[in-house]
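I have placed the structure first, in the form of structure tokens, so that the comments after it can refer back to it.
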Amino acid sequence: MRLDEWIRHAQKRLAASGIESSRLEAQLLAAHVLRVDRSWLIAHPEHEFNELAGEMLLQRRESREPLAYILGRREFYGRQFRVTPAVLIPRQETEVLVEAALAEDHTSKMDVITTGGKAVPLRVLDIGAGSGAIAITVKLERPDWDVTAVDISPPALELAEENAKSLGVEIRFVLSDGFEQLIGESFDLIVTNPPYIGHDEPLMPDVVEHEPHVALFSGKTGLEFYERLSREAMNHLNDGGRLMMEVGHRQARTVRELFESGGWQHVQTAQDLSGIDRVLVMAWTYECATAIIDSDADHRPGRV
Numbered sequence: 001m002r003l004d005e006w007i008r009h010a011q012k013r014l015a016a017s018g019i020e021s022s023r024l025e026a027q028l029l030a031a032h033v034l035r036v037d038r039s040w041l042i043a044h045p046e047h048e049f050n051e052l053a054g055e056m057l058l059q060r061r062e063s064r065e066p067l068a069y070i071l072g073r074r075e076f077y078g079r080q081f082r083v084t085p086a087v088l089i090p091r092q093e094t095e096v097l098v099e100a101a102l103a104e105d106h107t108s109k110m111d112v113i114t115t116g117g118k119a120v121p122l123r124v125l126d127i128g129a130g131s132g133a134i135a136i137t138v139k140l141e142r143p144d145w146d147v148t149a150v151d152i153s154p155p156a157l158e159l160a161e162e163n164a165k166s167l168g169v170e171i172r173f174v175l176s177d178g179f180e181q182l183i184g185e186s187f188d189l190i191v192t193n194p195p196y197i198g199h200d201e202p203l204m205p206d207v208v209e210h211e212p213h214v215a216l217f218s219g220k221t222g223l224e225f226y227e228r229l230s231r232e233a234m235n236h237l238n239d240g241g242r243l244m245m246e247v248g249h250r251q252a253r254t255v256r257e258l259f260e261s262g263g264w265q266h267v268q269t270a271q272d273l274s275g276i277d278r279v280l281v282m283a284w285t286y287e288c289a290t291a292i293i294d295s296d297a298d299h300r301p302g303r304v
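When we follow full-length UniProt numbering, the leftmost residue of the sequence shown carries the number 1, and every step to the right adds one.
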């Protein structure tokens, strides 16, 4: 079968399966089989195509297996990252979180003071590294920063390490459930794209049937991980440090109120390309801790 004929055939079948970008995905599948780019496809419509190889991939996509898993890669911030079903597929909206992180100062103000004016690298922690897309991108864009990434999943951490190696960056990867293996450590910036979907929320079959649930779901309401962060993150931030996290659609207000009630200050939001509040940025200072201590004292029995 000619290449252009197979692409039209695949496009019709994908469209019938409910795939919106059916022509684009048909082209990407064909390009993957031939190990060429899309421009080559356009220039060689008469090329004889291996229908058997194409059929295997086409059936996988018809069953709603995510295209990124079939291709084994996903672009993020202009770079290709290897992905497998062990990790969440990087999304474009998460680039908003990266942009917020990159807007930070290049050195830790507190460390500059304590080291007598000598600038030291800003320390960054990525919680829930997954494919490593966030941590690796931050390190590539800010080579002088000291980046640590943690994940609860050994296969995910192994893949993140592979991506870091292939993209030529050195990052400290730690197998940890949140902060559990980071006792006594503090950072200037903590970033995270945590699980934030409630167990009862409807999802596309591409997502719920294929992507790792540990990276998707966070209790019945989707807020469990945020509640944990609001209690624990301040113990691992330097004075004036910032916490930046992605939030789900229509979650920003609820999560913001959760953190503000926990003493976090200067909470700001950043929107994605659709105008949705996608990232929350907030600060933790010693004044925050003092205010909480004073508030607790005011509510003790016998306090006038």
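Glycine included, every Cβ here is placed at the ideal spot set by N, Cα and C.
A quick note: this is a predicted structure, and the numbers were derived from the prediction, not measured.
Pick out the complete alpha helix (DSSP H) segments inside the segment 124-166, 4 residues or longer, and give them in chain order.
Runs of alpha helix (DSSP H) with 4 or more residues, each lying fully within the segment 124-166, are found at 133-141 and 154-166, listed in chain order.
For W284, write down the residues that DSSP places opposite it in a beta bridge.
G241
Residue-chain proximity (L67, chain C), Cβ-Cβ < 9 Å
The structure shown has no chain C; it contains just one protein chain.
So what's S17 in DSSP terms, helix, strand or just coil?
coil
For F81 and A129, which I take to be in contact (beta-carbon distance under 8 Å), what is that distance rounded to the nearest angstrom?
The pair is not a contact, with the Cβ atoms about 11 Å apart (cut-off 8 Å).
Kindly indicate which residue of G275, G248, T137 and E257 has the alpha-carbon position closest to the one of V267.
E257
At what residues does the alpha helix (DSSP H) containing D49 begin and finish?
Looking at the sequence itself, residue 49 is Phe, so the reference to Asp does not match. From DSSP, F49 is part of no alpha helix (DSSP H); its letter is neither H nor E.
Among the residues of its own chain, which have a CB less than 7 Å from the CB of A252, if the five just before and after it don't count?
T269, D277 and L280
Host alpha helix (DSSP H) of Q27 (start-end)
S22 to L34
What is the DSSP secondary structure of E75, reduced to helix, strand or coil?
strand
Distance CB(A283)-CB(V87) smaller than 9 Å
no
Euclidean distance between Cα positions of A149 and A233
15 Å
So, does the segment 86-105 touch the segment 128-143, judging by three or more C-beta pairs under 8 Å?
yes
Apart from the five residues on each side of it in sequence, which residues of its chain come closer than 7 Å, Cβ to Cβ, to L167?
R79, I136 and L140
Hey, quick one: how far does the alpha helix (DSSP H) through V98 stretch, first residue to last?
E95 to L102
Residues in its own chain within less than 8 Å of W264 by CB, not counting five upstream and five downstream?
Result list for W264: S230, M234, L243, M282, A283, W284 and C288, in chain order.
Rounded to the nearest angstrom, what separates L175 and V247 at their Cα positions?
Straight-line Cα distance between these residues: approximately 23 Å.
Per DSSP, F173 is paired with what?
Answer is A149, bridged to F173.
Under 9 Å between C-beta atoms of L28 and L3
No, these two residues do not count as a Cβ contact at 9 Å.
Taking the continuous alpha helix (DSSP H) assigned at V207, which residues delimit it?
Here the alpha helix (DSSP H) through V207 covers P205 to V208.
Quick one: Cα of T94 to Cα of D188, how far?
20 Å
Residue range of the alpha helix (DSSP H) that includes V255:
Run containing V255: A252 to S261, per the alpha helix (DSSP H) assignment.
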